Structures are given as structure tokens and as C-alpha cells.
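Enquirer: Here the sequence shown is numbered in the numbering used here, starting from 2 and rising by one per residue. The beta-carbon is built from N, C-alpha and C at its ideal position, and this holds for glycine as well. In this text the structure is predicted, and so the values were computed from the model without any measurement. Here you go, one structure.
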Amino acid sequence: MDGLADEVVHKYRCEIIFDDWQDLTEALIMINKFSPSGIVASAEHGGPIMPHFRNGKWHVTIAV
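Next comes the structure, spelled out in C-alpha cells:
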């Protein structure tokens, strides 16, 4: 069953980019609220979501 879950996680991953930390936070709350499984993990590391600031914008990679 774990293998199936891993496939689903990696199939639905994306990077979200925002100018403002508040917008990023609100978007993550909304995604978590409406996604059946919530926000699962950072797609690259398989662990907690780690927003990072790059090129003047906030980036976060999620798997839903």
C-alpha cells in the first residue's frame, strides 16, 4: 500500500510561487482544507514543507 501512496504523492506535486509570505500562508491553508489528503510533503525531500525565498519570491513545493 505504501508504494501506491508514493505514486499518488509524486503524481500531484507542484511548486507554488508568491511575492508575499501572507499570500503563501493563506494559499497553503486553503489547499490543506480542500485537498482530500491535505498537503502531504515536499515533493523533493519527502518530508515537511520547506518554503524558501529565491529571486525575490517565496517558493514552496507541495504534494497533494
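Check each candidate in 62, 63 and 54 and name the one with the smallest Cα separation from residue 22.
Expert: Taking the sequence shown and counting its residues from 1, the one referred to as residue 22 is at position 21. Comparing Cα-Cα distances from residue 22 to each of 62, 63 and 54, the minimum goes to 54.
Enquirer: Could you check if residue 63 is buried or exposed, using at least 16 other CB atoms within 10 Å of its CB as the buried criterion?
Expert: Reading the sequence shown from its first residue, position 62 is the one you call residue 63. That one is buried.
Enquirer: Determine the direct distance from the alpha carbon of residue 15 to that of residue 27, and round the result to whole angstroms.
Expert: On the sequence shown, position 26 is the one that residue 27 refers to. On the sequence shown, position 14 is the one that residue 15 refers to. Cα to Cα, the separation comes out at about 17 Å.
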